[in-house]
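Working notes, structure below.
See below:
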């Protein structure tokens, strides 16, 4: 996901830069007398292109509720309770099965924290906010066994960067 | 037909002096805050050893200082050009500056004297629950400082509102709604007035929301029983923060509308598409803030969906109207280039390009794996450093060179411009790359696996700071000489 997002961003920003450069290269030369081409003729097509792409992406990304358990998971999820407090995590249980649906019920005892799950290669898999007075739920199914890292992703004070824990995912 | 509602007038020398003073102050603070930002990157690069408490103080100062300085620069630009069309009171402007400066003193006092490090977003209830790192007094100083800045801006916008209504009859007329919705054939108000009216409406609302949460948070420091729901607090804070920072860009873009015509000889008119874009912006900027709360799924589902969909919609006026209009406007315009015009045009590019990663991050499925990584400072540095701030520096340079184009675009200035561009782009690219590899934002210490990209980012940040220093020092020197 992250690589695809970065690639799409790179392509779109580069395209925009090319358009700017093409126009700016000739901007300081005045239009020739009698020039009739309307430089604004692409506005309507650009508008409708963005509308169509926006509707398509909205539908594709929301048709399956992104906060739900997902259609790939089957069976009753295992519930893991997570409580953040400055600056540690209480997680129960910490040993989980691979390939099974898990639902993390996340809250906080004090300030806002961010519950982030990282894989053994330090890539973020999913996240949710840990808030006082609320329980946010995030579903995830670990694809493989290993030691996964829990980090804090919402700034919570002096120990924010050391607020970490491990999850052991077994076969 | 004589266009009595659109014809500009020259602003008084005393008003111009006030603006020069403001923009000089804003430019200095921006430079200082950039230096603080560089220090943060150097610390994450493990090139500078800074204790976490100081790191987070600097981070808080960098955030609050940048937002404040951007607001100050934007206010100077808006006031300068709105003055061409409506009567504004210089006494009120100096009152705004006084409140602003008092606020700055309290904010920085709370941070560096009291140790407050609750970030510029001061998420409730962190300021009251620091784990013993700072005192309630430090938080209170920070809150009162922000309130002072907010009161200053409120006074500023109220005076602008009075001026606009006195001249155009109503806010609706100043937004060009008769031309947009009722088929009026009269000339629409000039772009500076339309943009200023949007800003004064939405930012008044945002500041009121900010004041509410600031007062509650301040009381909560000493009376914990008087608390606010944490989710409601988050909504108020992000509504305030989102609208405020966006209006800094809206104020800065007025410089493009007003200055670029002097370089091209073509007027920048408020046609129907322009008016529609600003009216859409007025509504969108108020409604889109839930995209900051996509990881709070206890929020009503419709608000989360709205956050995503309106993020996409909000990109359209920037790309299709502002950026596109600039390109159409510049196409074979015969524009003369100097440092000021180059920075102003760069500002539009940075704004439009920066919203691309921002809008993509507004997709819930993407947000789940990129929110609160360095992807976020990646996109906001794009549309602020290379957008809003570039426009502000363009305005500063134009002001410093006597409010007219300078000829020619000398090689030294070209080098400085390229340094700013390359430094800014490099810094943004390394932030975005770090977001791609999941590096969290706001960590005082980075894991060894992340340090290489931090170091590349530090080099680019240093280049951007160096170029900025040259721009700012040169502009200040010219202000002093002109005086």
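Chains as they are written, first to last, in the numbering used here: chain A, 14 to 184; chain B, 4 to 486.
In this text, a Cβ means the ideal position worked out from N, Cα and C, and glycines have one as well.
Owing to the predicted nature of the structure, the values given are computational and were not obtained by experimental measurement.
Query                                                                                                                                                                                     : Result
For residue 65 of chain B, I'd like the list of residues in its chain whose CB is within less than 7 Å of its CB, leaving aside the five on either flank, ordered along the chain.        : 36, 39, 40 and 43
Scan the stretch 327 to 347 of chain B for residues whose Cβ lies nearer than 8 Å to a Cβ of chain A and list them as they occur along the chain.                                         : 327, 330, 331, 333, 334, 335, 336, 337, 338, 339 and 340
Considering just the uninterrupted stretch of the alpha helix (DSSP H) at residue 16 of chain A, what are its terminal residues?                                                          : 15 to 38
Within the 8 Å Cβ cut-off, does residue 156 of chain A reach chain B?                                                                                                                     : no
Using a C-beta cutoff of 8 Å, does residue 375 of chain B count as contacting chain A?                                                                                                    : yes
Could you please give me the residues that DSSP links to residue 334 of chain B through a beta bridge?                                                                                    : According to DSSP, which records beta bridges pairwise, residue 334 of chain B is partnered with nothing at all.
What first and last residue would you give for the alpha helix (DSSP H) that runs through residue 101 of chain B?                                                                         : 93 to 111
Kindly indicate which three-state DSSP category residue 299 of chain B falls into: helix, strand or coil?                                                                                 : coil
Who are the near neighbours of residue 157 of chain B in its chain, counting only those whose CB is closer than 6 Å to its CB and skipping five residues on each side?                    : 210
Let's see if you can read the secondary structure: which residues bound the beta strand (DSSP E) around residue 165 of chain A?                                                           : 159 to 165
Spell out whether any CB of chain B is found under 8 Å from the CB atom of residue 105 of chain A.                                                                                        : no
Could you have a look at residue 172 of chain A and say whether DSSP puts it in helix, strand or coil?                                                                                    : coil
Between the beta-carbon of residue 163 of chain B and the beta-carbon of residue 45 of chain B, is there less than 8 Å?                                                                   : no
Could you pull out every residue in the same chain whose Cβ sits closer than 7 Å to the Cβ of residue 427 of chain B, ignoring the five residues on either side in sequence?              : 388, 389 and 467
Given a cut-off of 8 Å on the beta-carbon distance, is the pair residue 159 of chain A and residue 140 of chain A in contact?                                                             : no
Beta-carbon of residue 424 of chain B versus every beta-carbon of chain A: anything under 8 Å?                                                                                            : no
Does the pairing of the stretch 144 to 157 of chain B with the stretch 204 to 220 of chain B give three or more beta-carbon distances under 8 Å?                                          : yes
For the stretch 354 to 372 of chain B, list every residue whose C-beta sits within 7 Å of some C-beta in chain D, in sequence order.                                                      : You won't find chain D in this structure, because its protein chains are A and B.
Any heavy atom of the ligand SAM within a distance shorter than 7 Å of the CB on residue 140 of chain A?                                                                                  : Although the ligand SAM was asked about, the structure shown includes no ligands whatsoever.
Return no unless some Cβ of chain B is closer than 8 Å to the Cβ of residue 22 of chain A.                                                                                                : yes
Can you tell me whether residue 245 of chain B is helix, strand or coil according to DSSP?                                                                                                : helix
Name, please, each residue of chain B whose Cβ falls closer than 9 Å to the Cβ of residue 69 of chain A.                                                                                  : Result: empty, since nearest Cβ-Cβ is about 11 Å, beyond 9 Å.
Roughly how many angstroms separate the alpha carbons of residue 257 of chain B and residue 41 of chain A, rounded to a whole number?                                                     : 22 Å
Excluding the five sequence neighbours on either side, which residues of its own chain have a C-beta within less than 7 Å of the C-beta of residue 251 of chain B, listed in chain order? : 73, 74, 77 and 391
Would residue 318 of chain B pass as a contact of residue 358 of chain B if the rule is Cβ separation under 8 Å?                                                                          : yes
Mind the definition here: the stretch 45 to 58 of chain B touches the stretch 99 to 112 of chain B only if three or more C-beta pairs lie below 8 Å; say whether that holds.              : no
Whole-angstrom Cβ separation of residue 434 of chain B and residue 374 of chain B, contact assumed at under 8 Å?                                                                          : About 14 Å separates the two Cβ atoms, so there is no contact after all.
Mind checking residue 483 of chain B: buried by the 16 CB within 10 Å criterion, or exposed?                                                                                              : exposed
Hey, does residue 60 of chain A have any beta-carbon neighbour from chain B nearer than 8 Å?                                                                                              : yes
Suppose you measure from the CA of residue 190 of chain B to the CA of residue 182 of chain B; what does that come to, to the nearest Å?                                                  : 8 Å
Can you tell me where the alpha helix (DSSP H) holding residue 198 of chain B begins and where it ends?                                                                                   : 194 to 225
Within this structure, are the beta carbons of residue 167 of chain B and residue 234 of chain B separated by less than 8 Å?                                                              : no
Just to confirm the assignment, what range does the alpha helix (DSSP H) spanning residue 275 of chain B have?                                                                            : 275 to 290
Following the continuous alpha helix (DSSP H) through residue 139 of chain B, name the residue where it begins and the one where it ends.                                                 : 139 to 171
Would you call the stretch 161 to 171 of chain A and the stretch 128 to 139 of chain B in contact, with 3 or more CB pairs under 8 Å?                                                     : yes
Going along the chain, which residues of the stretch 403 to 423 of chain B sit with their C-beta nearer than 9 Å to a C-beta in chain A?                                                  : none
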